[in-house]
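Undergrad: Pasting in a structure now, in C-alpha cells, and then I'll have a few things to ask.
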Amino acid sequence: MTTETTLASDIRQREVVVDLAERSYSIHVGCGLLARAGAYIAPLLARPKTAIVTDENVAVLHLDSLRSALADAGVASTSIILPAGERTKDFHHLADVCSGLLDAGIERQDTVIAFGGGVIGDLAGFAAAILRRSVDFIQIPTSLLAQVDSSVGGKTGINVAAGKNLVGAFHQPKLVLADIDVLDTLPQRELCAGYAEVAKYGLIADTGFYDWLETHGVDLIAGDKQARIHAIETSCRAKAAIVAEDEREGGIRALLNLGHTFGHALEAATGYSDRLLHGEGVAVGMVLAHRFSEHLGHCAEGTANRVAAHLGAIGLPVSPRAIDGDLPGAPELLKIMHQDKKTVAGQLTFILTRGIGDAFVAPNVPAQDVLAFLEDAAELK
Numbered sequence: 001m002t003t004e005t006t007l008a009s010d011i012r013q014r015e016v017v018v019d020l021a022e023r024s025y026s027i028h029v030g031c032g033l034l035a036r037a038g039a040y041i042a043p044l045l046a047r048p049k050t051a052i053v054t055d056e057n058v059a060v061l062h063l064d065s066l067r068s069a070l071a072d073a074g075v076a077s078t079s080i081i082l083p084a085g086e087r088t089k090d091f092h093h094l095a096d097v098c099s100g101l102l103d104a105g106i107e108r109q110d111t112v113i114a115f116g117g118g119v120i121g122d123l124a125g126f127a128a129a130i131l132r133r134s135v136d137f138i139q140i141p142t143s144l145l146a147q148v149d150s151s152v153g154g155k156t157g158i159n160v161a162a163g164k165n166l167v168g169a170f171h172q173p174k175l176v177l178a179d180i181d182v183l184d185t186l187p188q189r190e191l192c193a194g195y196a197e198v199a200k201y202g203l204i205a206d207t208g209f210y211d212w213l214e215t216h217g218v219d220l221i222a223g224d225k226q227a228r229i230h231a232i233e234t235s236c237r238a239k240a241a242i243v244a245e246d247e248r249e250g251g252i253r254a255l256l257n258l259g260h261t262f263g264h265a266l267e268a269a270t271g272y273s274d275r276l277l278h279g280e281g282v283a284v285g286m287v288l289a290h291r292f293s294e295h296l297g298h299c300a301e302g303t304a305n306r307v308a309a310h311l312g313a314i315g316l317p318v319s320p321r322a323i324d325g326d327l328p329g330a331p332e333l334l335k336i337m338h339q340d341k342k343t344v345a346g347q348l349t350f351i352l353t354r355g356i357g358d359a360f361v362a363p364n365v366p367a368q369d370v371l372a373f374l375e376d377a378a379e380l381k
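Each residue of the sequence shown is one higher than the last, beginning at 1 in the working numbering.
Following this line, the structure appears as C-alpha cells:
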C-alpha cells in the first residue's frame, strides 16, 4: 500500500506500509526526514528512551542531527559508535553492541535505533532481536542500499567464516525512515553499489521499472531527488509486497536474492573487504546469473549483455575481472556457494531468469552445471 503527501518543496514524500497484521510498519521516503525523526519516532515508543547504534562515518556527519531531533520530541538517547565496514558485522562487534546496550540500561520497553547502512542495520537489528529476548528497533538507513533493501523486511544478522549472513534472526522494525538528503554525503562508490539493489527489483519482476532505470538511472546517481524518491519508493513497494506474502523466505522472497549466490561467494573470496562492496558483488552476481540462465537455455542470448551494459554505465563492476587481486578458481567458488542459505540438503538453489523482469527460483541446480559454467565463463579468466 502506498500513500503520497506533498512537501512545500513540491518533492513528494512517500509512505509504504509493510502489511504484517499487528506487526505492520511504515517506510517513509522523502527529504528532511532526519530533522523530523523525533516526531515520527516518539509516538511509537513504550517509554522515551532509545539507544542509537551507528558507525564512525555516519556519526561524524549526522549523529548530532538525529540526537537533536529526538531531544526536541522529548526522547532520550545514548549512542554506540562502531567502525565502518563489512568486517564490523561479526560476533565480536555483536557482543560489543549487546554489552553497550546493557550498560546503557536498555530494557524491553526501550528501543534501539539502527542508524547507518546495511552493516549497521543488520548488526543492530540482530542485537535488538536477542537482547533481553527481543527489544523493539527502528531503522534509519543512510545508504542507498539500505534504504531500498536491507532496512526493510526484518532480516538481521552477521557474517561468519563459513559465509555471509549465516547467523541471524527475523526481527521486523517498528519504522523505517529513509531520508534521501543523507545520500548527498555518500561516497560515489557507495551510491553506485546501492544502485545494484535498485536495479534488482526491475530485473526480478518489473520490466517497466527496469526500462525507466535505463533512462533515469544516471540522473539518480547524479543527484536528481525526484528520481531518487521514485526509485526508492518503487523498490520498497516491491519488497514490502514480497515480505507481506513470504516473511520468512519460504517461497517467493528468495527472488530477492537474484545475483546473491554468485555475489556472496565473491564477497567471501575477497574477505569481506573494500576490494568488493556488497552492492558491487550483487552487480557482478546479477550479470553472472543472467549469463548462467543463458548458458542453461532459460533466456535469450544477449540478455546478460543488456544488464551488463546498464550496470556498467552506472559505474558498477559487471565481471569478476574488474575485482582487484586474484580470485580462487571455480572449484573453490563452488565450495563457498554450498554455504549459501538457500542450499537445501546440500543441493544448490539459484535465482535464474527467463528475461528482464522474469526471475524464478531454480532448486536443485546440479553442481556440475555450475562448475562447468564457472570454468567456461570468460569473466573468470
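In this text, a Cβ means the ideal position worked out from N, Cα and C, and glycines have one as well.
May I ask which residues mark the beginning and end of the beta strand (DSSP E) holding L166?
TA: Against the sequence shown, residue 166 aligns to sequence position 166. Segment 163 to 170, the beta strand (DSSP E) holding L166.
Undergrad: Could you give the distance in angstroms between the alpha-carbon of G208 and the alpha-carbon of E214?
TA: Here residue 208 refers to the residue found at position 208 of the sequence shown. Here residue 214 refers to the residue found at position 214 of the sequence shown. Rounded to the nearest angstrom, the two C-alpha atoms are 10 angstroms apart.
Undergrad: In terms of residue numbering, what span does the beta strand (DSSP E) encompassing A76 cover?
TA: As a working mapping, residue 76 is identified with position 76 in the sequence shown. 76 to 82 is the span of the beta strand (DSSP E), which, as asked, contains A76.
Undergrad: Looking at L316: is its Cβ nearer than 9 angstroms to the Cβ of A196?
TA: The residue given as residue 316 occupies position 316 in the sequence shown. The residue given as residue 196 occupies position 196 in the sequence shown. In contact: L316 and A196 (Cβ atoms closer than 9 angstroms).
Undergrad: Locate the alpha helix (DSSP H) running through N305, then write down its first and last residues.
TA: In the sequence shown, the residue the question calls residue 305 occupies position 305. Looking at the DSSP string, the run of the alpha helix (DSSP H) that includes N305 is 303 to 314.
Undergrad: Report all residues from its chain with a CB closer than 6 angstroms to the CB of T156; omit the five preceding and five following residues, and keep chain order.
TA: For the purposes of this step, residue 156 is identified with residue 156 of the sequence shown, where counting begins at 1. D122, G125, F126, A129, G168, A169, H171, listed in sequence order.
Undergrad: For T270 and K335, what's the separation of their Cα atoms in angstroms?
TA: By 1-based counting over the sequence shown, the position of residue 270 is 270. By 1-based counting over the sequence shown, the position of residue 335 is 335. Approximately 15 angstroms between the Cα atoms of the pair.
Undergrad: Buried or exposed for E22, going by 16 or more other Cβ atoms inside 10 Å?
TA: Along the sequence shown, read from residue 1 onward, the residue named residue 22 stands at position 22. Exposed.
Undergrad: Please classify G223: is it buried, with 16 or more other beta-carbons within 10 angstroms of its beta-carbon, or exposed?
TA: Taking the first residue of the sequence shown as 1, we reach residue 223 at position 223. Its Cβ having fewer than 16 others within 10 Å, G223 is exposed.
Undergrad: Hey, how far is the Cα of D19 from the Cα of S26?
TA: Within the sequence shown, numbered from 1, the residue matching residue 19 stands at position 19. Within the sequence shown, numbered from 1, the residue matching residue 26 stands at position 26. Spanning the two alpha carbons is a distance of roughly 9 angstroms.
Undergrad: Rounding to the nearest angstrom, what Cα-Cα distance links S143 and N159 in this structure?
TA: If you number the sequence shown from 1, residue 143 lands on position 143. If you number the sequence shown from 1, residue 159 lands on position 159. Cα to Cα, S143 sits roughly 19 angstroms from N159.
Undergrad: Can you tell me where the alpha helix (DSSP H) with T234 in it begins and where it stops?
TA: As a position in the sequence shown, residue 234 is number 234, starting the count at 1. First-last of the alpha helix (DSSP H) with T234: 225 to 245.
Undergrad: Please classify A289 as buried or exposed, where buried requires at least 16 neighbouring CB atoms within 10 angstroms.
TA: Stepping through the sequence shown from its first residue, residue 289 is reached at position 289. The residue is buried, with at least 16 neighbouring Cβ atoms inside 10 Å.
Undergrad: Express the C-alpha separation of T353 and A304 in angstroms, rounding to a whole number.
TA: Counting from one through the sequence shown, the residue named residue 304 turns up at place 304. Counting from one through the sequence shown, the residue named residue 353 turns up at place 353. Straight-line Cα distance between these residues: approximately 10 angstroms.
Undergrad: Out of P173, A265, L131, A104, state which residue places its alpha-carbon closest to the alpha-carbon of A114.
TA: Within the sequence shown, residue 114 is the residue found at index 114, counting from 1. Out of P173, A265, L131, A104, P173 has the C-alpha closest to the C-alpha of A114.
Undergrad: Tell me which residues share the same chain as A265 and place their Cβ nearer than 7 angstroms to its Cβ, disregarding the 5 neighbours each side in the sequence.
TA: Along the sequence shown, one-based indexing puts residue 265 at 265. Correct list, in chain order: L333, I336, M337.
Undergrad: So the candidates are M286, V218, R132, Y210; which of them puts its Cα closest to the Cα of L191?
TA: Here the question's residue 191 lines up with position 191 in the sequence shown. Per the Cα distances, V218.
Undergrad: The alpha helix (DSSP H) spanning S68 covers which residue range?
TA: Within the sequence shown, the letter at position 68 stands for residue 68. Counting along the chain, the alpha helix (DSSP H) containing S68 begins and ends at 64 to 72.
Undergrad: Can you name, in chain order, every residue of its own chain whose Cβ lies under 7 angstroms from the Cβ of A372, other than the five neighbours on each side?
TA: Counting from 1 along the sequence shown, the entry for residue 372 is found at position 372. So the list is empty, once near-sequence residues are dropped.
Undergrad: With Y195 as the anchor, note down where its alpha helix (DSSP H) starts and where it stops.
TA: On the sequence shown, position 195 is the one that residue 195 refers to. Segment 188 to 205, the alpha helix (DSSP H) holding Y195.
Undergrad: In three-state DSSP terms, what is R121?
TA: Taking the sequence shown and counting its residues from 1, the one referred to as residue 121 is at position 121. The sequence given here has Gly at residue 121, not Arg. If DSSP states are grouped into helix, strand and coil, G121 belongs with the helices.
Undergrad: Please list, in chain order, all residues of the same chain as E375 whose beta carbon is under 6 angstroms from its beta carbon, the five residues on each side excluded.
TA: If you number the sequence shown from 1, residue 375 lands on position 375. So the list reads A330, once near-sequence residues are dropped.
Undergrad: Per DSSP, what kind of secondary structure is G281 in: helix, strand or coil?
TA: The count along the sequence shown starts at 1 and reaches residue 281 at position 281. Reduced to three states, the DSSP call for G281 is helix.
Undergrad: Beta carbon of L66, beta carbon of I80: below 9 angstroms?
TA: By 1-based counting over the sequence shown, the position of residue 66 is 66. By 1-based counting over the sequence shown, the position of residue 80 is 80. It is not a contact, given that the beta carbons lie outside the stated cut-off.
Undergrad: Under 9 angstroms, do K164 and E267 count as touching if we go by C-beta distance?
TA: Here the question's residue 164 lines up with position 164 in the sequence shown. Here the question's residue 267 lines up with position 267 in the sequence shown. Yes. Within cutoff.
Undergrad: Assuming G312 and V282 form a contact by the criterion Cβ under 8 angstroms, report the distance between their Cβ atoms to the nearest whole angstrom.
TA: Counting from one through the sequence shown, the residue named residue 312 turns up at place 312. Counting from one through the sequence shown, the residue named residue 282 turns up at place 282. About 14 angstroms separates the two Cβ atoms, so there is no contact after all.
Undergrad: What does the alpha-carbon distance come out to for the pair N427 and Q347?
TA: The requested residue 427 is not part of the displayed model; the chain covers only 1 to 381.
Undergrad: Can you say whether E245 is buried or exposed, counting buried as having 16 or more other CB atoms within 10 angstroms of its CB?
TA: For the purposes of this step, residue 245 is identified with residue 245 of the sequence shown, where counting begins at 1. Exposed, because fewer than 16 other Cβ atoms sit within 10 Å of the Cβ of E245.
Undergrad: In this structure, how does DSSP classify D149 when only helix, strand and coil are distinguished?
TA: Here residue 149 is taken as the residue at index 149 of the sequence shown, counted from 1. The answer is helix: DSSP assigns D149 an H, G or I state.
Undergrad: If I'm right that V198 touches V148 with Cβ under 8 angstroms, what's the distance once you round it to whole angstroms?
TA: On the sequence shown, residue 198 is found 198 positions in, with the first residue counted as 1. On the sequence shown, residue 148 is found 148 positions in, with the first residue counted as 1. Between V148 and V198 the Cβ distance is about 5 angstroms, and since that is below 8 angstroms, they are a contact.
Undergrad: Work out the CA separation of L175 and I41 for me, nearest whole Å.
TA: Within the sequence shown, the letter at position 41 stands for residue 41. Within the sequence shown, the letter at position 175 stands for residue 175. Their Cα atoms are separated by approximately 8 angstroms.
Undergrad: To the nearest angstrom, report how far apart A462 and A35 are at their CA atoms.
TA: This structure cannot settle anything about residue 462, because the visible part of the chain is limited to 1 through 381.
Undergrad: Within 10 Å of its beta-carbon, does A8 have 16 or more other beta-carbons around it, so buried, or fewer, so exposed?
TA: In the sequence shown, residue 8 corresponds to position 8, counting from 1. Only weak support is given to the placement of A8: the predicted model assigns it a pLDDT of 40, under 50, and the value that follows is read from those uncertain coordinates. The residue in question, A8, is exposed, as its Cβ has fewer than 16 Cβ neighbours within 10 Å.
Undergrad: So, helix, strand or coil for T6, using DSSP?
TA: As a working mapping, residue 6 is identified with position 6 in the sequence shown. Below a pLDDT of 50, predicted positions are generally treated as unreliable, and T6, at 40, falls in that range; no measurement from the model is reported.
Undergrad: Under 8 angstroms by Cβ, that's how I've got C236 and V75 pegged, so tell me the actual separation to the nearest angstrom.
TA: In the sequence shown, counting from the first residue as 1, residue 236 sits at position 236. In the sequence shown, counting from the first residue as 1, residue 75 sits at position 75. That belief does not hold up - the Cβ atoms of C236 and V75 are roughly 25 angstroms apart, past 8 angstroms.
Undergrad: On a CA-only basis, which of L220, F292, T111 is nearest Q188? Give me that one, please.
TA: Here the question's residue 188 lines up with position 188 in the sequence shown. Answer by Cα proximity: L220.
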